[in-house]
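Input: a single structure, listed below in structure tokens.
Residue numbers (the numbering used here): 7 to 602.
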């Protein structure tokens, strides 16, 4: 009987399919909703949110150029993992480090590719908790959903997306293409309305004040107790402040930059939104903002499924980042930051599970009439959920294919390098990633309101009682003393991103060194800037806590987790090499596993 040939990936993706997969991972419609809260909890650096995104975008564009250029030389499955070996093998002296280089890149990239999906399923738990709390306020608080409920959603969502991913790239691409069209359209609608609300409400004009407990807007000022807390009626609605005639005092809008303690509240003008405030704030915000821009490189892992990889992959890499990052993100983050006002401040955003959802209710009430903003928010929330499916699906596909490449190359357990005979997808890698994502998701939502996002004791006391509602909430002081678990996991994933992107820029420099088509701008200056920018952002994980910039606990924890992952990787590599009888340093180019 003839030996049965192992299933191989099929070339089915054109330029549209490749670009759609990368755009789905960037997903601006989802990330504005999901990460505005995370960025708002970074302490004093919050006012530099927009510029932090711009800085991260410049870093990503430089890295994207490096990916685009190197993908022309080495189209194939595995992305930077594959590029690392090929770049080293192209050099006469450095070839002996090819195996070490590809393992460092592959192992380091897993800190990003294995943690990032966990962040996505966690923020999905937060998102669903907000929507359920809005629809059923007696069961759960929308502003502060129950950790147990969010954890269950994270687990279910992880397995749901894994099921779609296991069907193969064709099914994934069709889903991503439809989602891209829907989410970008919804994004533009919200951005226009948010800017319109600000411009139509000058300081001193009547406007809405938002209440995070009832998830509703009110046209009057709230009555407050001596301790500053809002006085409420039996249903939990805030009572109005009454004038001397016993009538509610109308709420008039204002745009104060800071409160009495110096905490940032709103941007007094448009220039403040794009201003650095402090130069160091740019880098701290960029360490978080990188989360919303990663994904442009995902198509480089699909070289085995691309019809014309050398032509289409470089275009898809750049196009996805320009469309989503340069156009969509800069517009929507400007709109959301410019919208902030005395009725909904940055402090309000930091204490809410979904600040963008809150903003949608406010602008919806202004556009559709008081009380109708909820419908606008729910319609937009539906598009966010679709985008969540797309971005989680895309990152799982990318991560599984990098794991598949290492398994096929015998640098990871070999069962990861097997394709399913029918769907031609790396199912074992996918389902392993599903389980890892579920665990990380549960950890990420466990203290999602820790540190700067800690709700007040009054807000905690007002939570509905039940296992899915208030179990897991501690006192304000105890939560404030603990790290924010979602921010910690996000920073861990982002550190893996910086490692991968820095190494990819370095590999581009190495790959084109000595080649006749060498271009000093494309192959040295741009990737050199990308390498330096990534290293600077990594350095701020230590600089920020040391100098008291932004948060302290979360960057150090993320740095510690990354260090442990690196140490375990070194141990695994040395032990695996001895077990398999593989030399750490190559003696010839032919001894490379990929060369064979």
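A virtual CB, placed ideally from N, CA and C, is assigned to each residue, including glycine. Just so it is clear, the structure is predicted and the values come from calculations on it, not from any experiment.
The DSSP-derived three-state label of residue 533 is helix. Beta bridge pairing from DSSP links residue 224 with 215. Around the beta carbon of residue 19, 16 or more other beta carbons lie within 10 angstroms, which makes this residue buried. Here residue 478 has 152, 153, 154, 452 as same chain residues with Cβ atoms under 8 Å from its own Cβ, once five neighbours each way along the sequence are excluded. The Cβ-Cβ distance between residue 189 and residue 393 falls below 9 Å. When only Cα atoms are considered, residue 352 and residue 260 end up about 13 Å apart.
Here the C-alpha atom of residue 528 lies approximately 24 Å from the C-alpha atom of residue 289. The residues 65, 68, 69, 72, 507, 511, in chain order, have a CB closer than 7 Å to that of residue 536 in the same chain once the five nearest residues on each side in sequence are set aside.
Taking residue 547 as the centre and dropping the five residues before and after it, the same chain places the C-beta of 561, 565 closer than 6 Å to its C-beta, in chain order. In this structure, residue 305 keeps its C-beta atom at 9 Å or more from the C-beta atom of residue 294.
If the five residues before and after residue 456 are omitted, its C-beta is found closer than 7 Å to the C-beta atoms of 485, 488, 489, 490, 491, all from its own chain and listed in chain order. Counting only runs that start and end inside the segment 56 to 93, there is no alpha helix (DSSP H) element of at least 4 residues. Ranked by how close their Cα comes to the Cα of residue 272, the residues 525, 346, 59, 521 have 346 in first place. Annotated as distal: residue 379 and residue 362, with beta-carbon spacing of 9 Å or more. Relative to residue 248, the option among 482, 264, 228 whose CA is nearest is 228. Residue 549 is not a Cβ neighbour of residue 206, given a cutoff of 9 Å. Segment contact: the segment 106 to 125 against the segment 498 to 506, three or more CB-CB distances shorter than 8 Å; contact assigned. Within the segment 285 to 333, the complete alpha helix (DSSP H) runs of at least 4 residues fall at 285 to 299, 315 to 327. With the rule of 3 Cβ pairs closer than 8 Å, the segment 390 to 409 does not count as touching the segment 228 to 241.
Contact check for residue 395 against residue 161 fails: the beta carbons are separated by 9 Å or more.
Note: residue 270 is bridge-paired with 264 in the DSSP secondary-structure output. DSSP, reduced to helix, strand and coil, places residue 500 within a helical segment of the structure shown. Look at residue 488 here: in three-state DSSP terms it is coil, with no helix or strand label. Residue 544 and residue 571 have their C-alpha atoms spaced approximately 15 Å apart. Leaving aside the five residues that flank residue 534 on each side, the residues in its chain whose CB is nearer than 8 Å to its CB run, in chain order, 511, 515. The shortest CA-to-CA distance from residue 44 to any of 350, 409, 297 is the one to 297. Rounded to whole angstroms, the gap between the alpha carbons of residue 156 and residue 97 is 50 Å. In the three-state scheme derived from DSSP, where H, G and I count as helix and E and B as strand, residue 403 is classed as helix. The shortest CA-to-CA distance from residue 435 to any of 419, 471, 445 is the one to 419. If the five residues before and after residue 144 are omitted, its C-beta is found closer than 7 Å to the C-beta atoms of 470, all from its own chain and listed in chain order.
When the Cα atoms are used, residue 354 and residue 88 turn out to be separated by approximately 46 Å. Excluding the 5 residues flanking it on each side, residue 42 has same chain C-beta neighbours closer than 7 Å at 342, 355, 361, 362, in chain order. DSSP places residue 462 outside both helix and strand once states are collapsed to three, so it counts as coil.
Rounded to the nearest whole angstrom, the C-alpha separation of residue 594 and residue 281 is 53 Å. The C-beta distance from residue 330 to residue 55 rounds to 17 Å, too long to meet the 8 Å contact threshold. The Cβ-Cβ distance between residue 496 and residue 37 does not fall below 9 Å.
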